[in-house]
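Visitor: Take a look at this one; I'll ask things after.
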Amino acid sequence: GQQLNQSPQSMFIQEGEDVSMNCTSSSIFNTWLWYKQDPGEGPVLLIALYKAGELTSNGRLTAQFGITRKDSFLNISASIPSDVGIYFCAGQEGAQKLVFGQGTRLTINP
Amino acid sequence: EAQVTQNPRYLITVTGKKLTVTCSQNMNHEYMSWYRQDPGLGLRQIYYSMNVEVTDKGDVPEGYKVSRKEKRNFPLILESPSPNQTSLYFCASSLSGSNYGYTFGSGTRLTVV
Numbered sequence: 001g002q003q004l005n006q007s008p009q010s011m012f013i014q015e016g017e018d019v020s021m022n023c024t025s026s027s028i029f030n031t032w033l034w035y036k037q038d039p040g041e042g043p044v045l046l047i048a049l050y051k052a053g054e055l056t057s058n059g060r061l062t063a064q065f066g067i068t069r070k071d072s073f074l075n076i077s078a079s080i081p082s083d084v085g086i087y088f089c090a091g092q093e094g095a096q097k098l099v100f101g102q103g104t105r106l107t108i109n110p
Numbered sequence: 111e112a113q114v115t116q117n118p119r120y121l122i123t124v125t126g127k128k129l130t131v132t133c134s135q136n137m138n139h140e141y142m143s144w145y146r147q148d149p150g151l152g153l154r155q156i157y158y159s160m161n162v163e164v165t166d167k168g169d170v171p172e173g174y175k176v177s178r179k180e181k182r183n184f185p186l187i188l189e190s191p192s193p194n195q196t197s198l199y200f201c202a203s204s205l206s207g208s209n210y211g212y213t214f215g216s217g218t219r220l221t222v223v
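Residue numbers (the working numbering), protein chains in the order written: chain A, 1 to 110; chain B, 111 to 223.
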């Protein structure tokens, strides 16, 4: 099955730094989603994007739906310890099927 | 509280011993799905269901079965588990027509020895 290419696979940053991660696909998606997974829990939806070029914010998080509809990025500004976790991008592929990226593991040094 | 509940959270079993992982949602969602999560591979869809008695294969259905006899429940069945099915499993549900993706359960960590 199809899989999205998400990068970087891991990030080690200092508290207060900004973070950027992205996701690319060989196929077009009509919806892009960004999830966060805390240790021992299931993924939780952070941001949903529905239109090419759309830029959406959720607090310190900002995500964009690429113009080509084949990519998306997520930025986190002024990182804090609770931002630690694994971030997943997902493209929605009809009938509520989600195709996920491999994940970006974020570690923050205080 | 709106949620997706999976049981058990942890399970260790032996090769070939049939097992069922239960999943229940209290949000009256039409869509339900099972994913497995493996390091470096993200989440891959096993099976999904669009409503009662309507199920279809995802990307990695081999070795799994599902049923959807009631709207709220979507159990995952491993008839003869093998070690390559050792993984973290997530059940998820979604409202029909929604563009908000899925709401996920807390996961079931399965080890097959």
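Just so it is clear, CB atoms sit at the ideal spot from N, CA and C, and this is done for glycine as well.
Computed from a prediction, not measured in an experiment: that's the story for all the values here.
1. Report the residues of the region 21-49 of chain A with a CB closer than 7 angstroms to any CB of chain B, ordered along the chain.
2. By DSSP, does residue 116 of chain B sit in helix, in strand, or in coil?
3. Could you list the residues in the region 148-160 of chain B with a C-beta less than 8 angstroms from some C-beta on chain A, going in chain order?
4. Which residues, taken in chain order from the region 185-218 of chain B, show a beta carbon closer than 7 angstroms to some beta carbon of chain A?
5. Could you round the C-beta distance between residue 219 of chain B and residue 119 of chain B to whole angstroms and report it? I think they count as a contact, below 8 angstroms.
6. Apart from the five residues on each side of it in sequence, which residues of its chain come closer than 7 angstroms, Cβ to Cβ, to residue 206 of chain B?
7. When you compare each of B/181, B/135, B/176 and B/168 to residue 162 of chain B by their alpha carbons, which one comes out closest?
8. Can you list, in chain order, the residues of its chain with a C-beta nearer than 8 angstroms to that of residue 165 of chain B? Leave out the 5 residues immediately preceding and following it.
9. Let me confirm a value: residue 131 of chain B is counted as buried when at least 16 other C-beta atoms fall within 10 Å, else exposed. Which label applies?
10. DSSP on residue 71 of chain A, reduced to helix/strand/coil?
Guide: According to the data block:
1. Flagged, chain order: 31, 33, 41, 42, 43, 45 and 48.
2. For this step, residue 116 of chain B is matched to residue 6 along the second sequence. It is a strand residue.
3. So the list reads 150, 151, 152, 153, 154, 155, 158 and 160, given in the order they occur along the chain.
4. Within the region 185-218 of chain B, the residues whose Cβ lies closer than 7 angstroms to some Cβ of chain A are 200, 204, 209, 210, 211, 212, 214, 215, 216 and 217, listed in chain order.
5. What you label residue 219 of chain B is simply residue 109 of the second sequence in a count that begins at 1. What you label residue 119 of chain B is simply residue 9 of the second sequence in a count that begins at 1. At roughly 7 angstroms, the Cβ-Cβ gap stays under 8 angstroms, so residue 219 of chain B and residue 119 of chain B are in contact.
6. Here residue 206 of chain B is taken as the residue at index 96 of the second sequence, counted from 1. Excluding sequence neighbours, residue 206 of chain B sits near 140 and 141.
7. Walking along the second sequence from the start, residue 162 of chain B turns up at place 52. Checking every option, the nearest Cα to that of residue 162 of chain B belongs to B/181.
8. Translated into the one-based positions of the second sequence, residue 165 of chain B becomes position 55. Excluding sequence positions up to five before and after residue 165 of chain B, its CB lies within less than 8 angstroms of the CB of 157, 158, 159, 176, 177 and 178, all in the same chain and listed in chain order.
9. As a working note, residue 131 of chain B is residue 21 in the second sequence. Burial of residue 131 of chain B is indicated by the presence of at least 16 other C-beta atoms within 10 angstroms of its C-beta.
10. Translated into positions along the first sequence, residue 71 of chain A becomes position 71. Here residue 71 of chain A sits in strand by DSSP.
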